[in-house]
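Below: the structure, in structure tokens.
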């Protein structure tokens with residue numbers, strides 16, 4: 001069994017590769033206006049040139065690590081084998097929110113680091129990169145509580161703070177087309193806004209969840225909708241990594257089955273990290289937030 005010292009060494013090398021890849025991706029973003037290609041990714045989304053370029057950058061960054069056994073990307077149909085004797089499987093979204101590039105809004109990257117196969121119980125660390133006025137990286141692992149947040153100052157990455165969530169926040173970021181929400185979800189969101197919660201939703205998962213982490217609390221949700229009953233966010237590349245991050249930050253991340261509200265007073269909730277994907281690209285509805293907000297949407 002791997003010791004904490006060995007795990008720390010491996011995670012440090014993986015984080016170093018993520019930092020290097022993030023700077024290369026940021027360079028691409030500064031020269032790209034959101035041009036589309038003629039190709040689609042594994043789930044049928046039309047790819048942007050930046051999606052393809054970012055994916056190749058991350059692939060090349062992890063190819064140099066002997067501790068990485070395999071990687072899988074939102075942009076690829078199947079996992080890519082790397083080092084046969086490696087311990088880790090890394091699932092990543094190389095460019096989250098890339099459709100917002102033409103509007104010059106923040107986008108990001110997401111990484112889930114699994115020790116063994118691509119299963120949520122195997123997560124040992126997660127990271128996200130937010131590309132805004134600066135390049136910022138949030139990193140969480142089993143080795144410590146909280147989420148370390150690094151920013152690049154033009155020469156190196158420096159640790160800015162350890163992000164932790166309060167028990168209750170004031171931000172509400174909720175996705176999906178509103179006319180396709182369930183009545184239960186719509187009622188809950190309206191109740192939060194009536195209580196003074198502020199809407200903060202850009203359409204990109206990384207900056208919206210990062211905003212909640214930096215502000216110390218709130219709720220992010222992408223519920224089941226009539227046009228997407230299984231949600232739109234992918235378990236391995238987006239949902240599980242951020243569920244791990246929010247739990248390490250002192251919050252919760254759950255799947256809420258609001259359909260049972262027809263016959264019951266409480267929703268059926270399942271921790272997101274208890275879900276079991278059947279395919280690399282499976283999706284799920286999801287809620288991330290402070291403890292109070294998650295308890296609220298579970299009622």
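In my numbering, the protein residues as written are 1 to 299. By construction, the Cβ of each residue, glycine as well, lies at the ideal position given by its N, Cα and C atoms. Note that the structure is predicted; figures quoted are calculated from it, not measured.
Counting C-beta pairs with one atom in each stretch, the stretch 176-193 and the stretch 111-124 have fewer than three that are closer than 8 Å, which means they do not touch. Membership of residue 94 in the beta strand (DSSP E) is indicated by the continuous run 88-96. The C-alpha of residue 3 is placed about 42 Å away from the C-alpha of residue 176. Contact between the stretch 80-94 and the stretch 48-57 is established, with three or more Cβ pairs separated by less than 8 Å. DSSP places residue 178 in the helix class (H, G or I) of the three-state scheme. Residue pairing of residue 73 in beta bridges, as defined by DSSP: 92. The criterion of a C-beta distance shorter than 7 Å is satisfied by residue 283 and residue 233. For the pair residue 145 and residue 248, the Cα-to-Cα distance works out to about 5 Å. In the assembly as shown, residue 120 is a buried residue. Its beta-carbon has 16 or more other beta-carbons within 10 Å. Rounded to whole angstroms, the gap between the alpha carbons of residue 196 and residue 170 is 7 Å. Just measuring C-alpha positions, the residue of 290, 107, 141 sitting nearest residue 15 is 141. Inter-residue distance for residue 157 and residue 89 is about 25 Å (C-alpha atoms, whole angstroms).
Residues of the same chain with a CB within less than 6 Å of the CB of residue 200, apart from the 5 flanking positions on each side, are 171, 173, 211 in chain order.
The beta carbon of residue 225 is closer than 7 Å to those of 176, 177, 180, 181 in its chain, skipping five residues each way along the sequence. By the criterion of a C-beta distance shorter than 8 Å, residue 23 is surrounded in its chain by 135, 152, once the five residues flanking it on both sides are discounted. Following the DSSP letters along the chain, one finds residue 269 inside the beta strand (DSSP E) bounded by residues 268-271.
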